[in-house]
Amino acid sequence: MSLHVEEQDDRVVATLDRPEKRNAIDHETIAALHDLCALLETAPRTLILTGSNGVFAAGADIGQLRDRTSADARRGINTRAFIRIHDLPMPVIAAIDGYALGGGAELAYAADIRIGTPSLRIGNPEPGLGIIAAAGATWRLPEIVGDARASELLLTGRALHAEEALRWGLVSSLHPADELLPAAHAIADRIAANDALATRHTKSALRAPSARHPEIELELQAELFDSPEKHRRMTAFLEKRR
Ligand code: COA
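Going by the working numbering, the first residue of the sequence shown is number 32, and it counts up by one from there.
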């Protein structure tokens with residue numbers, strides 16, 4: 032099994048685990064990611080996505096990629112799976128140790144929150160293999176780090192070290208490897224303490240195209256203003272102060 036999924040009440044931890052291929056993302060992994068998305072679309076929870084053995088993912092599986100055709104490219108095998116992850120209702124946290132290259136980097140770009148370790152190496156070497164990074168890098172990376180930095184990274188194919196990734200805001204914090212998962216869980220704990228619907232609506236507003244602002248926020252807020260949970264939480268705050 033290339034992806035281990037551990038379900039908890041308020042979160043799911045998915046661990047890429049193909050150590051012999053440095054967690055390279057193959058057909059089986061993509062199928063498992065679709066199953067994971069189906070689970071989280073039906074029962075929305077925070078997702079922690081991580082790797083194993085000191086590697087997040089060393090890219091799409093080059094052994095399979097080499098034989099893919101133009102028709103496969105148009106099907107967007109990895110692209111569609113990563114879009115589905117990006118569109119999950121609740122937040123996705125990528126906890127990245129070691130290599131996150133090519134498709135592995137794009138999987139991390141699809142997350143809402145990224146944290147790493149000092150051994151992080153992240154980038155897109157695709158042009159060196161004669162292809163483009165077509166599973167999110169060209170549109171998500173500019174949103175995360177800005178056009179100039181994304182262009183430099185994608186046009187050279189170089190991989191960032193951890194400190195540079197932190198400086199660029201590609202990861203929001205760095206942790207020693209044995210503290211990476213606890214740090215991801217601490218973020219999930221904070222999310223779990225908030226109202227789940229308010230979290231989902233915040234994610235929807237963050238994702239909305241600019242033409243939909245501020246109407247989308249007003250609609251989402253309208254639903255929340257009428258929710259019993261908003262009333263309960265605000266009453267609890269006011270009563271504590273009394
Ligand atoms: N696809 C398929 N197999 C991969 C792979 C990938 N993306 N990345 C690593 N592997 C395989 C290697 O072929 C090797 O298999 P083998 O033992 O059968 O020969 C095994 O994983 C271990 O890789 P190795 O290169 O020996 O490990 P390393 O720790 O010395 O180096 C990397 C790690 C990530 C630097 C190196 O494997 C690498 O450069 N991988 C490709 C990165 C890439 O170009 N990704 C973009 C793909 S779109």
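Note that beta-carbon positions come from the ideal geometry of N, C-alpha and C, so glycine has one too. A quick note: this is a predicted structure, and the numbers were derived from the prediction, not measured.
Item	Value
Proximity winner among 115, 189, 165, relative to residue 130 (alpha-carbon distances)	189
Distance, residue 230 Cα to residue 106 Cα	32 Å
Where residue 163 falls: helix, strand or coil (DSSP)	coil
Extent of the continuous beta strand (DSSP E) to which residue 35 belongs	34-38
Backbone CA spacing between residue 199 and residue 179 [nearest angstrom]	11 Å
Extent of the continuous alpha helix (DSSP H) to which residue 186 belongs	178-187
Runs of alpha helix (DSSP H) wholly within the region 121-167 (minimum 4 residues, chain order)	134-140
Beta carbon of residue 195 nearer than 8 Å to that of residue 168	no
Beta-carbon spacing of residue 48, residue 35 below 8 Å	yes
Close Cβ partners of residue 86 (< 6 Å) along its chain, the five nearest in sequence each way excluded	53, 54, 129, 130
Cβ neighbours of residue 139 in the same chain (closer than 6 Å, five flanking residues each side left out)	125, 127, 131, 145
Bounding residues of the alpha helix (DSSP H) (the contiguous stretch that carries residue 262)	259-272
Burial state of residue 32, where buried means 16 or more other Cβ atoms lie within 10 Å	exposed
Distance cut-off 7 Å: residue 130 Cβ against heavy atoms of the ligand COA	yes
For residue 83, three-class secondary structure by DSSP	strand
Status (buried if at least 16 other CB within 10 Å, exposed otherwise) for residue 249	exposed
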